[in-house]
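Chains as they are written, first to last, in numbering that gives the first Met the number 0: chain A, 0 to 88; chain B, 0 to 139. We put the CB at the ideal spot given by N, CA and C, even for glycine. Here's the structure we're looking at; comments come further down.
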Amino acid sequence: MTDSRINMRVSTKNHEEIKAAAQLAEQDLTTFMVSAALEKADRLVADSNIFRLTAVEYLALERALSGPVVPNPRLRELLKLTKASAGLS
Amino acid sequence: MDDWLGLYAGQNEDKFRTRTFFAVDRDSLQLHGYFTTVFGEVKPGAELDGIAVSNYVKPAFLIARLAVHQKSQGRGIGKLMLGEALRKALGASESAGLEMVIVDAIDNNAIAFYGRFGFIRFDSESNRMFMTMKQLKASL
Numbered sequence: 000m001t002d003s004r005i006n007m008r009v010s011t012k013n014h015e016e017i018k019a020a021a022q023l024a025e026q027d028l029t030t031f032m033v034s035a036a037l038e039k040a041d042r043l044v045a046d047s048n049i050f051r052l053t054a055v056e057y058l059a060l061e062r063a064l065s066g067p068v069v070p071n072p073r074l075r076e077l078l079k080l081t082k083a084s085a086g087l088s
Numbered sequence: 000m001d002d003w004l005g006l007y008a009g010q011n012e013d014k015f016r017t018r019t020f021f022a023v024d025r026d027s028l029q030l031h032g033y034f035t036t037v038f039g040e041v042k043p044g045a046e047l048d049g050i051a052v053s054n055y056v057k058p059a060f061l062i063a064r065l066a067v068h069q070k071s072q073g074r075g076i077g078k079l080m081l082g083e084a085l086r087k088a089l090g091a092s093e094s095a096g097l098e099m100v101i102v103d104a105i106d107n108n109a110i111a112f113y114g115r116f117g118f119i120r121f122d123s124e125s126n127r128m129f130m131t132m133k134q135l136k137a138s139l
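Now the structure itself:
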């Protein structure tokens with residue numbers, strides 16, 4: 000259903016380039032532009048829970064994953080606290 | 000959770016992309032806080048291209064948002080919700096591989112809060128923190 004409008008101004012140069020690309024894709028200009036934008040939007044949304052780490056971050060993570068485990072008393076207490084409530088929801 | 004506090008799952012979130020749980024007073028039905036969970040993954044960024052690091056994508060359980068209503072702060076509700084969220088991570092790791100839990104700390108108080116339970120900052124600048132499943136299971 001196409002029931003809303005997006006108005007935009009583009010430079011002639013951009014317009015020509017997009018029009019040429021749409022022709023290559025054998026799509027009309029609107030279909031081409033909407034599908035390109037949706038593709039990008041989907042990717043951004045999907046990527047919001049993909050974290051790419053810097054070298055420093057990655058090393059910190061690797062160290063923790065391969066290093067010894069240090070049990071945390073507060074964490075232990077917290078998990079005990081929530082264990083008692085199995086009948087939630 | 001606590002006797003007086005119930006945890007209710009949201010119904011209709013983002014076509015199952017995320018889940019949100021609400022901490023609600025069992026008697027008054029007042030909303031005290033909520034948290035949102037979603038699976039995510041961690042991988043080395045482009046700056047590590049060509050460097051010998053394990054290129055595995057590491058699966059993570061994200062506590063994407065955890066918030067206590069302003070009026071309900073100081074009553075340990077955040078702590079209870081964190082405990083519930085970690086229980087959910089433990090439950091999920093029974094069904095599929097998970098290497099860590101990740102949280103986004105909103106400010107320095109939140110960083111200190113998560114730090115007390117053993118969450119580690121990805122780096123000194125980062126508000127994003129993690130805890131390995133190994134560590135979590137060791138504290139059961």
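What residues of chain A sit near residue i, judged by a beta carbon separation below 7 Å?
{"i": "Phe116/B", "result": "Asn71, Arg73, Leu74 and Leu77"}
{"i": "Ser138/B", "result": "Pro70, Asn71, Leu74, Arg75 and Leu78"}
{"i": "Glu98/B", "result": "Leu64"}
{"i": "Ser92/B", "result": "By Cβ distance, chain A contributes nothing, its closest Cβ being about 13 Å from Ser92/B, past 7 Å."}
{"i": "Leu61/B", "result": "Asn48"}
So, for residue i: in the same chain, excluding its five sequence neighbours on each side, which residues have a beta-carbon less than 8 Å away from its beta-carbon?
{"i": "Ile17/A", "result": "Val9, Leu28, Phe31 and Met32"}
Taking just the CA atoms, how far does residue j sit from residue i?
{"i": "Met130/B", "j": "Trp3/B", "result": "29 Å"}
{"i": "Asn107/B", "j": "Arg115/B", "result": "12 Å"}
{"i": "Ala8/B", "j": "Glu83/B", "result": "12 Å"}
{"i": "Arg18/B", "j": "Ala19/A", "result": "43 Å"}
{"i": "Lys136/B", "j": "Arg86/B", "result": "10 Å"}
{"i": "Glu15/A", "j": "Ala21/A", "result": "10 Å"}
{"i": "Leu87/A", "j": "Gly5/B", "result": "Interpretation of Leu87/A is limited by its pLDDT of 43, a score under 50 that renders its predicted location unreliable; no figure is taken from the coordinates."}
{"i": "Thr81/A", "j": "Met128/B", "result": "22 Å"}
{"i": "Val100/B", "j": "Gly49/B", "result": "27 Å"}
At a CB-CB cut-off below 9 Å, which residues of chain A make contact with residue i?
{"i": "Glu40/B", "result": "Asn48, Ile49 and Phe50"}
{"i": "Gln134/B", "result": "Ala63, Val68, Val69, Pro70, Asn71 and Leu74"}
Which whole-angstrom value is the C-beta distance of residue i and residue j, which I expect to be below 8 Å?
{"i": "Leu78/A", "j": "Leu139/B", "result": "6 Å"}
Report the neighbours of residue i on chain B: residues whose CB is nearer than 9 Å to its CB, in chain order.
{"i": "Ala59/A", "result": "Ile119, Arg120, Phe121, Asp122 and Phe129"}
Which residues in the same chain as residue i place their Cβ atom closer than 7 Å to its Cβ, once the five residues preceding and following it in sequence are excluded?
{"i": "Gly117/B", "result": "Met130 and Gln134"}
{"i": "Met80/B", "result": "Ala22, Gly32, Phe34 and Leu65"}
What does residue i reach in chain B if we use C-beta pairs closer than 8 Å?
{"i": "Glu38/A", "result": "Those do not exist, as Glu38/A stays about 18 Å from chain B at its closest Cβ, beyond 8 Å."}
{"i": "Thr29/A", "result": "Near Thr29/A there are no residues of chain B at all, since even the closest Cβ is about 25 Å away, more than 8 Å."}
**Asked** For the 8 Å Cβ check, are there 3 or more pairs between the stretch 33-42 of chain B and the stretch 60-80 of chain B?
**Response** yes
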